[in-house]
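Using the numbering used here, the letters of the sequence shown map in sequence onto residues 62 to 229.
Reading through the structure tokens given below for one structure.
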Amino acid sequence: MNGQIYINGQIGANDGEVGVNLIDIIKQVKTQPFATSFDVYINSEGGYVDVGFDIYDYFNSLKKSGIVINTIGTGLVASIATVIFMAGESRKLKAGTKFMIHLPSGDVQGTADEIASYSTMLKDTENKLVKFYSQETGNPDEAIRPLLRQETWLDPSSAFDLKFLTEY
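Below, the structure written as structure tokens:
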């Protein structure tokens with residue numbers, strides 16, 4: 062049986078705004094106990110890196126138990142939502158869907174030491190994303206880093222050529 066999972070909106074909660082969290086994905090999976098595969102529909106501007114990687118890791122745990130995960134972009138797949146998208150064995154975008162990757166960013170205030178610490182953490186997250194995309198797509202770090210630095214919007218053909226998509 063093929064199940065369906067929907068990820069719509071921001072990844073994680075922000076400023077009191079409700080977002081998609083790991084528990085929301087787990088609940089959707091649990092309501093479809095006989096599913097041997099899932100089509101995951103993603104329409105998200107992104108959000109929190111840690112929540113996105115948690116969802117990605119959960120999908121990988123399902124794959125390790127023999128469940129097939131396919132991802133379908135619908136409307137917008139941007140920022141950390143692209144990491145979740147990469148969990149699919151089959152990855153495609155519906156017509157008109159926008160796909161964007163970029164460097165992580167955030168806001169910080171505090172002492173010079175606190176800001177320096179935040180800067181280090183942000184650089185570590187940047188390196189984690191570069192390594193992740195490089196491993197997932199097979200593209201070298203040197204090809205991925207400039208794409209992130211430039212906040213790159215990819216059309217389906219370019220996303221396919223760079224191996225973010227498996228079909229289009």
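Note that beta-carbon positions come from the ideal geometry of N, C-alpha and C, so glycine has one too.
Since this is a predicted model, take the numbers as computed values, not measurements.
- Annotation for Val112: the continuous alpha helix (DSSP H) segment containing it runs Val110 to Lys125.
- Straight through space, the alpha carbons of Val101 and Tyr67 are spaced by roughly 6 angstroms.
- For the options Thr186, Thr143 and Lys91, the alpha carbon positioned closest to that of Leu123 is the one of Lys91.
- Beta-bridge partners of Ala139 (DSSP): Met161.
- Assignment of Val79 by DSSP, reduced to helix, strand and coil, places it in the coil class.
- Its Cα nearest to that of His163, the residue Leu183 stands out among Leu183, Leu83, Glu228 and Lys155.
- Non-local beta-carbon contacts of Ser218 in its own chain, meaning distances under 8 angstroms to residues more than five positions away in sequence, involve Tyr229 in chain order.
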